Amino acid sequence: MRKLIYGMNMTLDGYIAAPGDDIAWSGPPSEELFQWWLDREHENGLSLYGRKLWETMSSYWPTGDQQPNATPAEIEFARNWREMPKVVFSSTIEKVDWNARLVTGDAVIEIKRLKMEDGAPLSIGGATLAGAAMRAGLIDEYQVATYPVMVGGGTPFFAAVESWVNLKLVETRTFPGGVVLSRYETRW
């Protein structure tokens, strides 16, 4: 069975985006944090995206390595992003590209099916999609880079769940700018 990992940047008050889908609070990450996320991407075998995150990622990363000030890590991330198999979950998008396939049906059913396959871990991104997986008890690990900023509202990282979810802290690390990375495994 494949492991399902949900990881994103988050504000101290629990949001992945401020009102209006504003993510300016995260600024460009430090080189060390960006490398940490890149290393995690290399460990994954398939990326699962909700519509909003797909639109954000696919608007930049297909040519991210061609940007004038792209760092070596950004160049590597862009190349890895293009090559990584992806599944996009949306009922409004009609077509995807960049090594992706579109799923318009029940996301939870498809995620369960993908988890049952053999292979490297699955990463899931996008609060709505991850929320559905969270409520279904499908997430095995949470990777949270918490920024020392509060935005007062927006898109929450965590979805409301129906019962307690016990977690085990497996890593914590501080990056420049006071960003604290924490990894938690789900205790089943």
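Residues in the sequence shown are numbered consecutively from -3, following the numbering used here.
Glycine included, each C-beta is placed from N, C-alpha and C at the ideal position.
No experiment lies behind these values; they were computed from the predicted model shown.
Measure the alpha-carbon distance for residue i versus residue j and round it to whole angstroms.
{"i": "Trp32", "j": "Arg97", "result": "27 Å"}
{"i": "Ala132", "j": "Arg47", "result": "19 Å"}
{"i": "Tyr11", "j": "Ser26", "result": "19 Å"}
{"i": "Leu118", "j": "Pro64", "result": "31 Å"}
{"i": "Tyr2", "j": "Gly127", "result": "10 Å"}
{"i": "Val176", "j": "Pro24", "result": "15 Å"}
{"i": "Thr186", "j": "Ala156", "result": "A question about residue 186 goes unanswered here, because the residues of the chain that appear run from -3 up to 184."}
{"i": "Leu125", "j": "Leu44", "result": "9 Å"}
{"i": "Glu70", "j": "Trp21", "result": "19 Å"}
{"i": "Lys(-1)", "j": "Ile135", "result": "8 Å"}
{"i": "Thr100", "j": "Arg109", "result": "15 Å"}
{"i": "Glu72", "j": "Gln62", "result": "11 Å"}
{"i": "Gly150", "j": "Glu28", "result": "27 Å"}
{"i": "Ile120", "j": "Asp102", "result": "15 Å"}
{"i": "Gln139", "j": "Glu90", "result": "30 Å"}
{"i": "Asp9", "j": "Glu106", "result": "31 Å"}
{"i": "Thr67", "j": "Thr88", "result": "34 Å"}
Measuring CA to CA, which of the options is closest to residue i?
{"i": "Ser159", "options": "Gln139, Met130, Thr151", "result": "Met130"}
{"i": "Trp50", "options": "Pro24, Trp94, Glu72", "result": "Trp94"}
{"i": "Gly122", "options": "Ala13, Tyr180, Met(-3)", "result": "Ala13"}
{"i": "Asp114", "options": "Asp102, Asn162, Leu42", "result": "Leu42"}
{"i": "Phe171", "options": "Asp9, Phe30, Val161, Lys164", "result": "Phe30"}
{"i": "Leu163", "options": "Gly60, Arg179, Met4, Met80", "result": "Arg179"}
{"i": "Val92", "options": "Thr52, Gly60, Glu106", "result": "Thr52"}
{"i": "Val161", "options": "Pro152, Leu34, Val104, Glu137", "result": "Glu137"}
Can you tell me whether DSSP reads residue i as helix, strand or coil?
{"i": "Phe73", "result": "helix"}
{"i": "Met(-3)", "result": "coil"}
{"i": "Asp61", "result": "helix"}
{"i": "Met4", "result": "strand"}
{"i": "Val161", "result": "coil"}
{"i": "Thr52", "result": "helix"}
{"i": "Val145", "result": "coil"}
{"i": "Lys111", "result": "helix"}
{"i": "Thr151", "result": "strand"}
Where does residue i land, buried or exposed, given buried means 16+ other C-beta within 10 angstroms?
{"i": "Lys82", "result": "buried"}
{"i": "Thr7", "result": "buried"}
{"i": "Ala116", "result": "exposed"}
{"i": "Ser86", "result": "buried"}
{"i": "Met112", "result": "exposed"}
{"i": "Val84", "result": "buried"}
{"i": "Val147", "result": "buried"}
{"i": "Met(-3)", "result": "exposed"}
Are the stretch 53 to 63 and the stretch 14 to 25 touching, with three or more C-beta to C-beta distances below 8 Å?
Fewer than three beta-carbon pairs drawn from the stretch 53 to 63 and the stretch 14 to 25 are found closer than 8 Å, and the two stretches are therefore not classed as touching.
For the stretch 35 to 44 and the stretch 69 to 80, state whether three or more C-beta atom pairs, one from each stretch, are separated by less than 8 Å.
Yes: at least three Cβ pairs fall under 8 Å.
Pairing CB atoms from the stretch 137 to 147 with CB atoms from the stretch 161 to 179, are three or more of them under 8 Å?
Verdict: yes, contact present.
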